[in-house]
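Please read the structure below before turning to the comments.
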Amino acid sequence: MQKIVVIGGGTMGNGIAHVAAQSGFNVTLVDISAPVLERALGTITKNLTRMVAKEKITEAGKDAALGRLTTSTDLETAAAEADLVIEAVNENFDLKKKIFSTLDAVTPPETILASNTSSISITKLAGVTKRPDKVIGMHFFNPVPVMKLVEVVRGLETSDEVNSTIEKLSRDFGKVPVPVNDSPGFVSNRVLMPMINEAIFCVYEGVGTPEHVDEVMKLGMAHPMGPLRLADFIGLDVCLDILNVLYDGFRDPKYRPCPLLVKMVDAGKLGDKTGSGFYSFKK
6 MQKIVVIGGG TMGNGIAHVA AQSGFNVTLV DISAPVLERA LGTITKNLTR MVAKEKITEA
66 GKDAALGRLT TSTDLETAAA EADLVIEAVN ENFDLKKKIF STLDAVTPPE TILASNTSSI
126 SITKLAGVTK RPDKVIGMHF FNPVPVMKLV EVVRGLETSD EVNSTIEKLS RDFGKVPVPV
186 NDSPGFVSNR VLMPMINEAI FCVYEGVGTP EHVDEVMKLG MAHPMGPLRL ADFIGLDVCL
246 DILNVLYDGF RDPKYRPCPL LVKMVDAGKL GDKTGSGFYS FKK
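Converting from the sequence shown to this note's numbering requires adding 5 to each position, the first position being numbered 1.
Written out as structure tokens, the structure reads:
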């Protein structure tokens, strides 16, 4: 594994690129927007600088990591010689399908195609390629440089060799790979999102305020962050997308998104990213 391409310059994409470059891999971060890539590079530089200040890495280590990182707005050229491509765009199947179809056409046959999807079927993504055995899920968690978990998601046809390669790579990144099989929401969001959704129902039905619901879960269940504060941090639009994937995948009413969540997303109150959700923040 020499060259890694990460698609998507947002929070998850720049975090994955940071970790990969810091771990000694040559990385190209790809996005259609040059300003997004500029901001992503600024974020990575700032985070590495913070690590130097905390004496977690040296100044030389920071410079070496940045030296292994390049950016590009040309997906086809960037991916043409990649050993691994990690897609980290929005939770939208049509967008991911388009990307995977392009990657299948422009990358070498041995290139592994991974998705950072938090809920969409790896098997379904693999089905748009001619290499379903080389498609796998790498579900990182935010903030990527800090969080240790990577859900390694096997599709129906993912090979043992690819699975082993990605588990080893995750350890090379300093992460802990946990294998899961392909199912809507995998393990993490199949458990987490219904809890967040039920917390929103508690607010919707007047059982408690966001602050009180979160306080109960922090003090009574030892959660470091309440579910509504966590929803704001994740993004209410992302929570809604995942719940819709769960609801569509299982056809079980227990995954039905709370009407309050739908209304807040429609109003553009998406949490931290907009400065307003269940809590208000300075952007």
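Backbone N, C-alpha and C define an ideal beta-carbon position, used for all residues, glycine too.
Going by alpha carbons, who is nearest to residue i out of the options?
i      : options                       : result
ASN194 : LEU245, PRO215, GLU166        : LEU245
SER77  : VAL181, LEU42, ALA85, ASP99   : LEU42
ALA204 : GLY190, ALA84, SER188, MET222 : MET222
VAL270 : GLY282, GLU60, LYS259         : GLY282
LEU266 : MET226, GLY280, MET198        : MET198
GLU92  : PHE30, ASN121, LEU154, SER169 : ASN121
VAL90  : LEU100, VAL24, VAL10          : VAL10
ARG234 : ILE247, GLY276, ASN31         : GLY276
VAL149 : ASN168, THR128, ASP36, THR16  : THR16
ASN19  : VAL133, VAL208, ALA45, ALA26  : ALA45
THR50  : SER28, HIS23, THR63           : HIS23
PHE145 : ALA272, MET6, THR279, ALA25   : ALA25
LYS8   : THR63, ALA83, PHE105, ILE37   : ALA83
ASN95  : MET230, PRO114, SER123        : SER123
ASP88  : ASN147, SER38, PHE30, PHE191  : PHE30
What span of residues does the alpha helix (DSSP H) with residue i cover, start to end?
i      : result
ALA26  : 16–27
VAL212 : Premise fails: VAL212 is in no alpha helix (DSSP H) and is neither H nor E.
GLU166 : 165–177
ASN31  : Looking at the DSSP string, ASN31 is not in any alpha helix (DSSP H); the run it does join, the beta strand (DSSP E), is 31–35.
LEU154 : That residue, LEU154, is in no alpha helix (DSSP H); its beta strand (DSSP E) goes 154–159.
VAL361 : Nothing can be reported for residue 361, as the shown portion of the chain is limited to 6 through 288.
VAL151 : First-last for VAL151: undefined, no H or E at that position.
Using the rule of at least 16 other Cβ atoms within 10 Å of the residue's Cβ for burial, across every protein chain shown, is residue i buried or exposed?
i      : result
ASP109 : buried
GLY14  : buried
PHE286 : exposed
GLY47  : exposed
LYS139 : buried
ILE117 : buried
PRO258 : exposed
ASP79  : exposed
Does the beta-carbon of residue i, which I'm using as the reference point, lie nearer than 8 Å to any heavy atom of the ligand GTP?
i      : result
ASN194 : Ligands are entirely absent from the displayed structure, and the ligand GTP is therefore not among its contents.
Residue i and residue j look like a contact to me (Cβ under 8 Å); what is the Cβ gap, rounded to whole Å?
i      : j      : result
SER175 : VAL158 : So it is not a contact: roughly 12 Å between Cβ atoms.
LYS274 : LEU241 : 7 Å
LEU71  : LEU34  : 12 Å between Cβ atoms; not a contact.
Need the endpoints of the beta strand (DSSP E) that residue i sits in, please.
i      : result
MET6   : It is not in any beta strand (DSSP E) - MET6 carries neither H nor E in the DSSP assignment.
PRO186 : Note that residue 186 is Asn in the sequence shown here, rather than Pro. Looking at the DSSP string, the run of the beta strand (DSSP E) that includes ASN186 is 181–186.
VAL140 : 140–144
In chain order, what are the residue ranges of uninterrupted alpha helix (DSSP H) at least 4 long that sit wholly in the region 52–81? 64–72
Segments of 3+ residues assigned as beta strand (DSSP E) that fall wholly inside the region 91–134: 117–120
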